[in-house]
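Participant: First residue of the sequence shown? That's 5 in my numbering, and the numbers climb one at a time after it. All C-beta atoms in this analysis are idealised placements derived from N, C-alpha and C, irrespective of residue type, glycine included.
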Amino acid sequence: MPRRIETFFSSADREAIQAATTAAERKTAGELVVYVTERCDPHPEVAWKGALVGGALGALCASVVVWRLGGWGAPDHLWLLIGLQLGLLAGWVASRFDAIGRRLIGEEALDSRVDGRAAEAFLDEQVFATRERTGVLIFVALFEHRVLVLADEGIDERVADDAWYEISSDLALGIRRGTPAAALIHAVERCASLLEAHGVQPAEQDNQLSDEPRFRRE
Numbered sequence: 005m006p007r008r009i010e011t012f013f014s015s016a017d018r019e020a021i022q023a024a025t026t027a028a029e030r031k032t033a034g035e036l037v038v039y040v041t042e043r044c045d046p047h048p049e050v051a052w053k054g055a056l057v058g059g060a061l062g063a064l065c066a067s068v069v070v071w072r073l074g075g076w077g078a079p080d081h082l083w084l085l086i087g088l089q090l091g092l093l094a095g096w097v098a099s100r101f102d103a104i105g106r107r108l109i110g111e112e113a114l115d116s117r118v119d120g121r122a123a124e125a126f127l128d129e130q131v132f133a134t135r136e137r138t139g140v141l142i143f144v145a146l147f148e149h150r151v152l153v154l155a156d157e158g159i160d161e162r163v164a165d166d167a168w169y170e171i172s173s174d175l176a177l178g179i180r181r182g183t184p185a186a187a188l189i190h191a192v193e194r195c196a197s198l199l200e201a202h203g204v205q206p207a208e209q210d211n212q213l214s215d216e217p218r219f220r221r222e
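1) Given a cut-off of 9 Å on the beta-carbon distance, is the pair G110 and G59 in contact?
2) For the beta strand (DSSP E) that E35 lies in, which residues bound it at each end?
3) How long is the line joining the alpha carbons of L88 and L82, rounded to whole angstroms?
4) Would you say the beta carbon of Q212 is closer than 8 Å to some non-hydrogen atom of the ligand PLP?
5) Nearest-angstrom Cα distance between K31 and D160?
6) If you check the beta carbons only, do E129 and C44 fall under 9 Å apart?
7) Does G139 come out as helix, strand or coil in the three-state DSSP assignment?
8) Using a C-beta cutoff of 9 Å, does R221 count as contacting chain B?
9) Give the list of continuous beta strand (DSSP E) stretches no shorter than 3 residues that lie fully inside the region 120-179.
10) Going by C-alpha to C-alpha distance, which of G182, R121 and V50 sits closest to A103?
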C-alpha cells in the first residue's frame, strides 16, 4: 500500500517548504509550485497481475510436489487446485507492497502515467497563468518514485532540459535518502538560482501563484 504523505512531510515541513518558496521567489520573477501526490493513478492492473503471477507459481510448485511425492493423501488435481488458489492469494497480498507493485506495473507505464499526471497538475494549478509565462512546477509522485520539473515556455526556452533533470534527480535522491523536506527546499532554491542566472529577474508585482505546497492523496 502507498505510504501516506504524513510519513514524508510533517506540518513543520510544509511550513518550511512554503517559506522557502516565498524566499526563492524574491530572487526572481519565476513562480514556483511544489506539488506532491501519493500516487498518480490507481494502477488497477497491479492486483490481477500479482494474483496471476502468484497463481502460476503456486500451480507450478504444486505440480512439482505432486511429481516428487505422488500426491499423497489427495488426487493430483486437488493438489494443483490448492496450489493455484494459495498462489492467487499470495500474489494478491504481495502486490500490495509498493516495490512489488511498481515491478508489476513496469517502468514504461510508470513514466507514462507520471508524465500525464504532471501535465494535469500543471494545468489544474494554472502554472501557465503568469504574466511572463514564468511558472515552474516541481512534481513529486511518492508511490511511483518519480520527480519532474516542468517549466512554462517563458523559462523553458532559456534553460536547457539537462538543468531541470539534474535538479529532479538530486531531489529524488534526497527523498530516497530519507530527507524529503530538505531535498524539496533545496530544489526550490536551485530552481530560483537557475532562473536568476538565466535572466529571469525579480519583478515588482503581486504573487501570482500561491506559495503553499500542494499535497494530494490521489
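Facilitator: Checking against the coordinates, here is how it stands:
1) One-based indexing of the sequence shown puts residue 110 at position 106. One-based indexing of the sequence shown puts residue 59 at position 55. Not closer than 9 Å, so no.
2) Here residue 35 refers to the residue found at position 31 when the sequence shown is read from its first residue. Taken as a continuous stretch (DSSP letters only), the beta strand (DSSP E) holding E35 covers E35 to T41.
3) As a first step, residue 88 must be located in the sequence shown, where it is residue number 84. As a first step, residue 82 must be located in the sequence shown, where it is residue number 78. Within the model, the alpha-carbon separation for L88 versus L82 is close to 10 Å.
4) Judged by which ligands are present, the structure shown has none, so any question about the ligand PLP falls away.
5) Within the sequence shown, numbered from 1, the residue matching residue 31 stands at position 27. Within the sequence shown, numbered from 1, the residue matching residue 160 stands at position 156. Cα to Cα, K31 sits roughly 18 Å from D160.
6) For the purposes of this step, residue 129 is taken as the residue at position 125 of the sequence shown. For the purposes of this step, residue 44 is taken as the residue at position 40 of the sequence shown. Not in contact: E129 and C44 (Cβ atoms no closer than 9 Å).
7) One-based indexing of the sequence shown puts residue 139 at position 135. Strand.
8) The chain inventory of the structure shown lacks chain B, comprising one protein chain alone.
9) When DSSP assignments are scanned along the region 120-179, the uninterrupted stretches of beta strand (DSSP E) that are 3 or more residues long and fall wholly within it turn out to be 139-145 and 150-155.
10) By 1-based counting over the sequence shown, the position of residue 103 is 99. If we check each option's Cα against that of A103, V50 comes out closest.
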